[in-house]
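Here is the structure we will look at.
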Amino acid sequence: MKVSGHAVISLTVGGILYYYSHSLAGFLGLLLTGIFVDLDHYIDYVREQGISFDYMKIYSTCKDGDKHFKKLTLILHSYELVIFLWLAIVFFNLNIMWQYITVGLTLHLVVDQITNRVVPLAYFFSYRVAKNFETKKIFIDR
Ligand SMILES: [Zn+2]
707 MKVSGHAVIS
717 LTVGGILYYY
727 SHSLAGFLGL
737 LLTGIFVDLD
747 HYIDYVREQG
757 ISFDYMKIYS
767 TCKDGDKHFK
777 KLTLILHSYE
787 LVIFLWLAIV
797 FFNLNIMWQY
807 ITVGLTLHLV
817 VDQITNRVVP
827 LAYFFSYRVA
837 KNFETKKIFI
847 DR
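All you need for our numbering is the position in the sequence shown, starting with 1, plus 706.
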């Protein structure tokens, strides 16, 4: 999904949660993960294209990542990370900021899972490791 779509969803859900909790830190944490998790695309961009600070070039390349990248690691796009965070919240009674950070990351991954043409297990980091991060094994219709 586009950054603007993640922003709309994160602002909406974050706004609703803020209405009930009045936690600005939680709200900002949700925006941080809900929107900016996509910064991990830049790691793959640098590995395959080299360092660049041309936002539009980076954005257009990453938007169609299945066409431009041989491999995608996307280290933050990970259901394992989501599961770890939810377990940490439950077992260590982590505060509202961690809860909202985890809500933002969960939302981001679920929306990416629904809107991107990927195989069902694509957002499990272990699946991408098993497939050697090969883009053609992560996306459908390639
Ligand atoms: Zn994403």
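For glycine and all other residues, C-beta sits at the position ideal for the given N, C-alpha and C.
### Message
Which of the three DSSP states is assigned to lysine 842 in this structure?
### Response
Indexing the sequence shown from 1 puts residue 842 at position 136. Helix at lysine 842.
### Query
Any idea what DSSP makes of lysine 777, helix, strand or coil?
Stepping through the sequence shown from its first residue, residue 777 is reached at position 71. When secondary structure is reduced to three states using DSSP, lysine 777 falls in the strand class.
### Query
Under a three-way DSSP split, which group does valine 824 fall into?
Numbered from its first residue, the sequence shown carries residue 824 at position 118. DSSP places valine 824 in strand when its eight states are reduced to three.
### Query
Would the C-beta of histidine 774 count as close to ligand 1, meaning under 7 Å from any of its heavy atoms?
The residue you call residue 774 lines up with position 68 of the sequence shown. Incorrect: histidine 774 has no Cβ contact closer than 7 Å to ligand 1.
### Task
Specify the secondary structure class of aspartate 851 as computed by DSSP and reduced to three states.
Residue 851 lies beyond the residue range present for the chain, which begins at 707 and ends at 848; the question has no answer from this structure.
### 6 Å Cβ shell around glutamine 819 - same chain, five flanking residues per side excluded
Locating residue 819 in the sequence shown gives position 113, counting from the first residue. Cβ neighbours of glutamine 819 within its own chain (closer than 6 Å, five residues either side excluded): Tyr829.
### Query
Is it a yes or a no for the segment 763-773 touching the segment 787-800, going by three-plus beta-carbon pairs under 8 Å?
Under the three-pair Cβ rule at 8 Å, the segment 763-773 does not count as touching the segment 787-800.
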